[in-house]
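Engineer: Add 22 to the 1-based position in the sequence shown for the working numbering, that's all there is to it. Ideal Cβ positions, reconstructed from N, Cα and C, are used throughout, including at glycine. Note that the structure is predicted; figures quoted are calculated from it, not measured.
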Amino acid sequence: MTGSTIDVLTMGRAGVDIYPLQVGVTLREVETFGKYLGGSPANVAVAAAKHGRSAALISRTGADSFGAFVHDALREYHVDDRFVTPVEGRQTPVTFCEIRPPEDFPIFFYRHDPPDLAIFPDELDGAAIAEAQVFWATVTGLSQEPSRAAHFAAWQARGRRPLTILDLDWRPVLWPDPAEAPDLVRRALAHVTVAVGNIDEVEVPTEARDPHVAAKALLDMGVEIAVVKQGSKGVLGMTATETVTVPPVHVDVVNGIGAGDAFGGALCHGLLSGWPLERTLRFANAAGAIVAGRLACAPAMPTSAEVEGLLDG
């Protein structure tokens, strides 16, 4: 695979998810766990690959067994791992969660000096970033150096090419200084063409919780497509010429944590397919709903046929 053949190139977190195999109880009460590939950018790449897209990830792991597991899992899911390398002296992050459907899924991050924030600008393959059909990055990558500088270097290499996507991915617990986020996110938005986030996430750069106001503010900051996920109220998509609202897809929720990553991978697939915005968002919404009805993240990512089956049903 060369840079020009990468459909979806993501950048950021990779690690291990340790999820309970008992549902509806706290970690204190859990008896057994499953081990899965974790990290939102990693899972977005997996989700895109399940739709037949060539996908790759830029990240770092520890030089440890969990890091080796990350590589094994990426390869299993047909995600190119050549840009994922170990960092000596840092441990691969581990994330635990509690699964208490329908809406309570506390997440516990074990990310002391995480290796995925030790990506340096001079380590990047600028050609691969520039040539990828989609480049997907997250706000968490801006939380500290050298990852922050690496992200801006990646956007500079890309030159604001179409389908440069920023996942607003707001997790204040992962920021040493959350107060830095609003200005940094606004700076980042000047380099991307698509922004995706839920109500809490779009509020960070826009200071607005009304989805239409926030989406318009994102467009005013330079993006061409603003996507606002509204949970039980569906998804809003806005461009300079159209506004569409897609209703939610109702499922029996098991674990809602991976739904956003499934949405992201499916969004990339729809945009690459050249579909109308409404169809793209319906497809992405359905993909997210499927994963919300399953236990894990990466293993739960649906194929296009599964998504179309839900939409047709």
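So the candidates are Val235, Asp147, Pro128; which of them puts its Cα closest to the Cα of Leu49?
Structural biologist: For the purposes of this step, residue 49 is taken as residue 27 along the sequence shown, with counting starting at 1. Checked all of Val235, Asp147, Pro128; the closest Cα to Leu49 is Pro128.
Engineer: Quick check on Phe130: buried or exposed, where buried means 16 or more other Cβ atoms within 10 Å of its Cβ?
Structural biologist: For the purposes of this step, residue 130 is taken as the residue at position 108 of the sequence shown. By the neighbour-count rule (16 or more Cβ atoms within 10 Å), Phe130 is not buried but exposed.
Engineer: Indicate the three-state DSSP secondary structure (helix, strand or coil) for Phe174 in the structure shown.
Structural biologist: Looking up residue 174 in the sequence shown gives position 152. It is helical.
Engineer: Nearest-angstrom Cα distance between Gly25 and Thr83?
Structural biologist: Within the sequence shown, numbered from 1, the residue matching residue 25 stands at position 3. Within the sequence shown, numbered from 1, the residue matching residue 83 stands at position 61. Residue placement at Gly25 is poorly supported in this model, since its pLDDT is 43, which falls under 50; the coordinates are not used for a value here.
Engineer: Under 7 Å Cβ to Cβ from Glu110, same chain only, skipping five residues before and after it: list those, please.
Structural biologist: Residue 110 sits at position 88 when you count from the first residue of the sequence shown. Excluding sequence neighbours, Glu110 sits near Ala85.
Engineer: Who are the near neighbours of Val156 in its chain, counting only those whose CB is closer than 6 Å to its CB and skipping five residues on each side?
Structural biologist: To locate residue 156, count along the sequence shown from 1; it is residue 134. Here the set comprises Val30, Leu185, Cys290.
Engineer: Nearest to Val276 by alpha carbon, out of Gly34, Ala64, Pro123?
Structural biologist: Residue numbering aside, residue 276 sits at position 254 when the sequence shown is read from its first letter. Among Gly34, Ala64, Pro123, the Cα nearest to that of Val276 belongs to Pro123.
Engineer: Can you tell me whether Ala314 sits near the ligand PLP, meaning its C-beta is under 8 Å from at least one heavy atom of the ligand?
Structural biologist: Of ligands this structure carries none, so the ligand PLP is not represented either.
Engineer: I need the DSSP call for Pro194, collapsed to helix, strand or coil.
Structural biologist: The residue given as residue 194 occupies position 172 in the sequence shown. Residue state, collapsed to three classes: helix.
Engineer: Closer than 6 Å by C-beta to Ala95: which residues in its own chain qualify, once you throw out the five before and the five after it? Chain order, please.
Structural biologist: Mapped onto the sequence shown, residue 95 falls at position 73. Counting only Cβ-Cβ distances below 6 Å, and skipping sequence neighbours, we find Leu59.
Engineer: Look at the alpha carbon of Ala147 and the alpha carbon of Glu153, and state the distance between them as a whole number of angstroms.
Structural biologist: On the sequence shown, residue 147 is found 125 positions in, with the first residue counted as 1. On the sequence shown, residue 153 is found 131 positions in, with the first residue counted as 1. The question names Ala, yet the displayed sequence has Asp at residue 147. Taking the straight line from one Cα to the other gives about 10 Å.
Engineer: Do the CB positions of Ala140 and Pro168 come within less than 9 Å of each other?
Structural biologist: Here residue 140 corresponds to residue number 118 of the sequence shown, with the count starting at 1. Here residue 168 corresponds to residue number 146 of the sequence shown, with the count starting at 1. Yes, the Cβ-Cβ distance between Ala140 and Pro168 is below 9 Å.
Engineer: Just curious, the beta strand (DSSP E) that Arg82 is in, first and last residue?
Structural biologist: Here residue 82 corresponds to residue number 60 of the sequence shown, with the count starting at 1. From DSSP, the beta strand (DSSP E) with Arg82 extends over 77-84.
Engineer: Can you tell me which of the three DSSP states Gly296 falls into?
Structural biologist: The sequence position of residue 296 within the sequence shown is 274, counting from 1. Three-state result, Gly296: coil.
Engineer: How is Thr24 classed by DSSP in three states: helix, strand or coil?
Structural biologist: Residue numbering aside, residue 24 sits at position 2 when the sequence shown is read from its first letter. Bear in mind that a pLDDT of 43 at Thr24, under 50, signals an unreliable position, so the number given afterwards is only what the model happens to contain. Reduced to three states, the DSSP call for Thr24 is coil.
Engineer: Taking the C-alpha atoms as reference points, what is the distance between Met23 and Val218?
Structural biologist: Within the sequence shown, residue 23 is the residue found at index 1, counting from 1. Within the sequence shown, residue 218 is the residue found at index 196, counting from 1. Here Met23 scores only 44 on pLDDT, less than 50, and its place in the model should not be relied on; the value that follows carries that caveat. Spanning the two alpha carbons is a distance of roughly 28 Å.
Engineer: Over what stretch of residues does the beta strand (DSSP E) that includes Val106 continue unbroken?
Structural biologist: If you number the sequence shown from 1, residue 106 lands on position 84. Unbroken beta strand (DSSP E) run through Val106: 101-109.
Engineer: Buried or exposed for Arg97, going by 16 or more other Cβ atoms inside 10 Å?
Structural biologist: Position 75 of the sequence shown, counted from the first residue, corresponds to residue 97. When all chains shown are included, Arg97 counts as exposed.
Engineer: Excluding sequence positions up to five away, which residues of its chain have a Cβ less than 6 Å from the Cβ of Ile247?
Structural biologist: Translated into positions along the sequence shown, residue 247 becomes position 225. Excluding residues within five positions, the ones whose Cβ falls inside 6 Å are Val216, Thr261.
Engineer: Inspect the beta-carbon positions of Thr162 and Arg193 and report whether they are closer than 9 Å.
Structural biologist: For the purposes of this step, residue 162 is identified with residue 140 of the sequence shown, where counting begins at 1. For the purposes of this step, residue 193 is identified with residue 171 of the sequence shown, where counting begins at 1. In this structure, Arg193 lies closer than 9 Å to Thr162 by Cβ.
Engineer: Of the residues Leu43, Pro204, Arg35, which one's Cα is nearest the Cα of Lys57?
Structural biologist: Within the sequence shown, numbered from 1, the residue matching residue 57 stands at position 35. That would be Leu43, whose Cα lies nearest to the Cα of Lys57.
Engineer: What is the C-beta distance between Ala69 and Ala78, in whole angstroms, given that I count them as a contact (C-beta under 8 Å)?
Structural biologist: Looking up residue 69 in the sequence shown gives position 47. Looking up residue 78 in the sequence shown gives position 56. That belief does not hold up - the Cβ atoms of Ala69 and Ala78 are roughly 13 Å apart, past 8 Å.
Engineer: How about Gly278 and Val268: are their beta carbons less than 9 Å apart?
Structural biologist: In the sequence shown, residue 278 corresponds to position 256, counting from 1. In the sequence shown, residue 268 corresponds to position 246, counting from 1. No, the Cβ-Cβ distance between Gly278 and Val268 is not below 9 Å.
Engineer: What separation, rounded to the nearest whole angstrom, lies between the Cα atoms of Asp189 and Asn65?
Structural biologist: The residue you call residue 189 lines up with position 167 of the sequence shown. The residue you call residue 65 lines up with position 43 of the sequence shown. When rounded, the distance between both Cα atoms is 13 Å.
Engineer: DSSP on Phe157, reduced to helix/strand/coil?
Structural biologist: Here residue 157 is taken as the residue at index 135 of the sequence shown, counted from 1. It is a strand residue.
Engineer: Please report the straight-line C-alpha distance between His234 and Asp242, rounded to a whole angstrom.
Structural biologist: Residue numbering aside, residue 234 sits at position 212 when the sequence shown is read from its first letter. Residue numbering aside, residue 242 sits at position 220 when the sequence shown is read from its first letter. About 12 Å.
Engineer: Would the beta-carbon of Gly34 fall within 9 Å of that of Thr117?
Structural biologist: As a first step, residue 34 must be located in the sequence shown, where it is residue number 12. As a first step, residue 117 must be located in the sequence shown, where it is residue number 95. For Gly34 and Thr117, no; Cβs fall outside 9 Å.
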